[in-house]
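Here's the structure we're looking at; comments come further down.
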Amino acid sequence: MRRWSVAAVCAAVVLGFAGVAAAQIKQSKSNFEDKFRQLDQDWPTPNDQRLASGAPGPGYWQQRADYTIAVTLDDANQSIKGSETITYTNNSPHRLTYLWVRLDQNRFAKHSDDYLSMPAASSKRMRFRDLRHEYYRQKFDGGFKISELTDGRGRKLDRSIVGTMMRIDLPKPLEPGEKFVFRIGWSYKLIESRAVPIKRSGFDYFRKDGNYLYNMGQWYPRVAAYTDAEAWDNRTFFGLGEFLLEFGDFDVAITVPADHIVAATGTLQNAAQVLSAAQRSRLKKARNAKKPVFIVTRDEALANQAEKDTSRTKTWKFRAENVRDFAFASSRKFVWDAMGYHQKSDGRTIMAQSFYPEEGMPLWDKYSTEAIVHTLKTYSKYTFPYPYPVAQSINSATSGMEYPMVSFNPPRPTEGKDGKRTYSRRTKYGLLSVIIHEVGHNYFPMVVSTPERDWFWMDEGFNTFLQSMAQRAWEKDFPGSLGAPSSVVDYMLSKNQVPVMTDPESLLQFGNNAYRKPATAFNILRETVMGHEAFDHAFREYARRWKFRHPYPADFFRTMEDASGFDLDWFWRGWFYTTDHVDISIDRVVEASIDTKDPDIEAAWARRKEATAPVPRIVESRKDLVRRIDENPDLVDFYNRNDAHTVSDRQRKKYAKTLEGLEDWQKELLKSGDTLYFIELSNVGGLVMPVILEIVFEDGSREEVRWQASLWRRNPFKVRKLYTSARKIRSITLDPHLETADADLENNYWPRRPVKTRLELFKARKSRNLMKEMQEPETPKEDSPK
Ligand SMILES: [Zn+2]
Numbered sequence: 044m045r046r047w048s049v050a051a052v053c054a055a056v057v058l059g060f061a062g063v064a065a066a067q068i069k070q071s072k073s074n075f076e077d078k079f080r081q082l083d084q085d086w087p088t089p090n091d092q093r094l095a096s097g098a099p100g101p102g103y104w105q106q107r108a109d110y111t112i113a114v115t116l117d118d119a120n121q122s123i124k125g126s127e128t129i130t131y132t133n134n135s136p137h138r139l140t141y142l143w144v145r146l147d148q149n150r151f152a153k154h155s156d157d158y159l160s161m162p163a164a165s166s167k168r169m170r171f172r173d174l175r176h177e178y179y180r181q182k183f184d185g186g187f188k189i190s191e192l193t194d195g196r197g198r199k200l201d202r203s204i205v206g207t208m209m210r211i212d213l214p215k216p217l218e219p220g221e222k223f224v225f226r227i228g229w230s231y232k233l234i235e236s237r238a239v240p241i242k243r244s245g246f247d248y249f250r251k252d253g254n255y256l257y258n259m260g261q262w263y264p265r266v267a268a269y270t271d272a273e274a275w276d277n278r279t280f281f282g283l284g285e286f287l288l289e290f291g292d293f294d295v296a297i298t299v300p301a302d303h304i305v306a307a308t309g310t311l312q313n314a315a316q317v318l319s320a321a322q323r324s325r326l327k328k329a330r331n332a333k334k335p336v337f338i339v340t341r342d343e344a345l346a347n348q349a350e351k352d353t354s355r356t357k358t359w360k361f362r363a364e365n366v367r368d369f370a371f372a373s374s375r376k377f378v379w380d381a382m383g384y385h386q387k388s389d390g391r392t393i394m395a396q397s398f399y400p401e402e403g404m405p406l407w408d409k410y411s412t413e414a415i416v417h418t419l420k421t422y423s424k425y426t427f428p429y430p431y432p433v434a435q436s437i438n439s440a441t442s443g444m445e446y447p448m449v450s451f452n453p454p455r456p457t458e459g460k461d462g463k464r465t466y467s468r469r470t471k472y473g474l475l476s477v478i479i480h481e482v483g484h485n486y487f488p489m490v491v492s493t494p495e496r497d498w499f500w501m502d503e504g505f506n507t508f509l510q511s512m513a514q515r516a517w518e519k520d521f522p523g524s525l526g527a528p529s530s531v532v533d534y535m536l537s538k539n540q541v542p543v544m545t546d547p548e549s550l551l552q553f554g555n556n557a558y559r560k561p562a563t564a565f566n567i568l569r570e571t572v573m574g575h576e577a578f579d580h581a582f583r584e585y586a587r588r589w590k591f592r593h594p595y596p597a598d599f600f601r602t603m604e605d606a607s608g609f610d611l612d613w614f615w616r617g618w619f620y621t622t623d624h625v626d627i628s629i630d631r632v633v634e635a636s637i638d639t640k641d642p643d644i645e646a647a648w649a650r651r652k653e654a655t656a657p658v659p660r661i662v663e664s665r666k667d668l669v670r671r672i673d674e675n676p677d678l679v680d681f682y683n684r685n686d687a688h689t690v691s692d693r694q695r696k697k698y699a700k701t702l703e704g705l706e707d708w709q710k711e712l713l714k715s716g717d718t719l720y721f722i723e724l725s726n727v728g729g730l731v732m733p734v735i736l737e738i739v740f741e742d743g744s745r746e747e748v749r750w751q752a753s754l755w756r757r758n759p760f761k762v763r764k765l766y767t768s769a770r771k772i773r774s775i776t777l778d779p780h781l782e783t784a785d786a787d788l789e790n791n792y793w794p795r796r797p798v799k800t801r802l803e804l805f806k807a808r809k810s811r812n813l814m815k816e817m818q819e820p821e822t823p824k825e826d827s828p829k
């Protein structure tokens, strides 16, 4: 313990100028880093379209594209042929001389940028499926074959194809406020989903019954977005950074074999032509059902797939309003269940529907539609009411993928040799997670229309954050700890890292970078930095401001601060612009009691301190030593009779005089008797974060102390803070609820604790003995004949 003199600085410290003490911790001038510097200079200058508040401004504009499409699925050749009429509305104040259209399937063309720029990870090891992919792509003749490109009156238009993008040169400039109508005809071969990684669409072939299941996304030429922030969003598609598209209405006619069931974005317009009377009445019943109702049962799907009627076709007509994309799925294998979700906030009923082959049972029938409803309920709570009439989960052999009202989700149970189906814990929770995730994407980026090509995290980070909230609301111990701060620690310590604010095509460890880290950051922001109320208000404000619009990162960062009143630039910088990690250490705790200035009390204190101090061995071991002054008492004088702490009257008078010169409150402080703890912390990881301490006192009582991250603003690496208490502290734990993603917990304790481990004992492996292997017969199997 240290005796602490209050003489000159007591008032400053006790009155809260703790910063003075913090500033006394030395830091060199050159390495000072202002981790709280405002980010405005890094963000685009606010303007009439995008305000400094993060809201769209009075000058905000957005283009529009409406589609009428007719498409035919060729089940015999796994290809499609389509034609579309696009009405493009130029709402911008700019004159346009060309339009850009996305041809994402060109990624699977023979000499695509994606394929040609794909490096081999290793020359020593390769997965079977990666080599299969290599050969598949060498042979596969994919990509859009454009058969027609004309204006509304049938006149040919000039075009130029660059990778996955097509520029259409307009016959005359499109002035602000004008519309341009044009037609495109196309066809392409579908890829086999299982042969290609990150495919997003394609077909799945079922060897057992010879049928196909089609997941159709990015299947028609789509007009690229043109925005005030980046003009044409026309970079080629490599498979990761997805897309930004304009909102519009879709009328789509899908022709498929007559025994197929089709699920699509939007509402079915001709149920009477494509569904049986029984299916229609079941659909009606499902609208108000408490549990999912089968529209097509397992037995019906089995009969359908066995019959395989390829002689006739049917055309399914769908209409979707105010969507930025359109997807569908088709198969004669589909089991279909549905249930209405009554959305209280706006009184609408949304049809939650699932489509899967019978191979998805048991699992899909139990969980898929329930998971859709759960997703809508949870996501809407934090954003806005789900705006569309349907939400669908469709089984696929692709990885999970999202489109408006349509999601493709892969897991299925496994089938044993005896034909019995089982599923692992991983498959069950994998299915729940992927459905919540992909259905959740309806909010981000399908409604809050995020520029995914530029900012992967704005698509996946927001969605994974809400997914983590929905998973926690599904069951208490939902596996995977998504969003838990501890789940991101290993990544944040890893070497191969880039900041979250990195172009999608250059991301390293993209799952951790674009999904896990921002999702965790938002969870921490909500739980620890802002609190639920402030965060939820600001986040909802962002979602409402930008729904059916195209926000960019600064619009989000600015809205969160503008709506909540929190200065969060330090947080955005640490979590989104750097690869720093969180590691705060309790370096030292100095325990001080106040010097009372009373000479008698101070002398007694000093004597006690001496008496309780350990006796050095050099003194201890000479107890029997006969000293000179013991033998010659006349050597004893005044100083032997009075120790160094002896108090004189002069000191007492001086003390009385000092007291006279003090104000009453100063005298109070001298008598307080409290213990003063100077807690010294260092920021090892570099990321500034709030300091949360659990203090345990000697009497067993506890107190939680929370200090704002702004504690670090004068010195982001070392800080000292005073904590006063009438009770003595026994121990201190930093981040006791594991809420800050602190990477090294060993330095979170005062006093330090032993590090616990489980030691595994093992035998050394024997080297191979070929001679023995050759001599010994193989052990016969139990069931082999004896
Ligand atoms: Zn996603």
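Going by the numbering used here, 476 is the number at position 433 of the sequence shown; the sequence numbering is gapless.
We put the CB at the ideal spot given by N, CA and C, even for glycine.
Check	Outcome
8 Å CB neighbourhood of V883 in its chain, flanking five on each side removed	The chain is shown only over 44 to 829; residue 883 falls outside these bounds and no answer can be derived.
The alpha helix (DSSP H) enclosing T128, as first and last residue numbers	Per DSSP, T128 belongs to no alpha helix (DSSP H); it is in the beta strand (DSSP E), 122 to 132.
Closest Cα partner of I304 within the set N438, N331, P676, M209	N438
heavy atom of ligand 1 below 7 Å from N506 C-beta	yes
Span of the beta strand (DSSP E) around V833	A query on residue 833 cannot be resolved here, the shown segment of the chain reaching from 44 to 829 and no further.
Status (buried if at least 16 other CB within 10 Å, exposed otherwise) for R670	exposed
Ligand 1 heavy atom lying under 7 Å from the CB of H137	no
Per-residue DSSP class, three states only, for Q396	strand
Beta-carbon contacts of P447 that lie in its chain and below 6 Å, excluding the five residues immediately before and after	T308, V366, D368, M489
Simplified DSSP state of R592, which is helix, strand or coil	strand
Residue burial classification, A321 (beta-carbon count within 10 angstroms, cutoff 16)	exposed
Candidates T132, F721, G220: closest to E634 by CA position	F721
Per-residue DSSP class, three states only, for S165	coil
Extent of the continuous alpha helix (DSSP H) run through F18	One cannot answer for residue 18 here, as it falls past the ends of the chain, which runs 44 to 829.
The segment 367 to 387 touching the segment 286 to 301, judged by at least three CB pairs closer than 8 Å	yes
Three-way DSSP call (helix, strand, coil) for A66 in this model	Its pLDDT being 46, under 50, A66 is placed unreliably by the model, and nothing is read from it.
E503 beta carbon near ligand 1 (any heavy atom closer than 7 Å)	yes
Selected residue, minimal CA-CA separation from E364, among S122, Y425, A301, E289	E289
Exposure of Y178, with buried meaning 16 or more beta-carbon neighbours within 10 Å	exposed
Proximity winner among K761, G473, R145, T783, relative to Y263 (alpha-carbon distances)	R145
Helix, strand or coil at S467 according to DSSP, with G and I counted as helix	coil
Counterpart residues of Q694 in DSSP-defined beta bridges	Per DSSP, none; premise fails for Q694.
Spatially closest choice to R569 from S511, R464, L200, by CA coordinates	S511
Segments of 4+ residues assigned as alpha helix (DSSP H) that fall wholly inside the segment 427 to 485	468 to 483
Opening and closing residue of the alpha helix (DSSP H) in which V532 lies	532 to 536
Reference G260, options I234, Y410, W275, closest by Cα	I234
Bridge partners - N254, DSSP secondary structure assignment	F249
Own chain partners of N839 with C-beta closer than 8 Å, once the 5 adjacent residues on each side are dropped	For residue 839 there is no data in the structure shown, the boundaries of the chain being 44 and 829.
Minimum Cβ-Cβ distance from V339 to chain C less than 8 Å	No chain C appears in the structure shown, which is made up of a single protein chain.
Beta-bridge partners of F225, as assigned by DSSP	I129, D194
Reference G523, options E481, T470, W750, closest by Cα	T470
Unbroken beta strand (DSSP E) run spanning W143, endpoints	139 to 145
Residue of E413, T207, R180, L217 minimising C-alpha distance to R138	L217
Identity of the residue in P428, T356, H417 nearest Q391 by Cα	Per the sequence shown, residue 391 should be read as Arg rather than Gln. The residue with the shortest Cα to Cα distance from R391 is P428.
Check whether V433 and Q396 have beta carbons under 8 Å apart	yes
Alpha-carbon to alpha-carbon, T270 and A61	The predicted position of A61 is uncertain, since its pLDDT is 40 and thus under 50; no value can be drawn from it.
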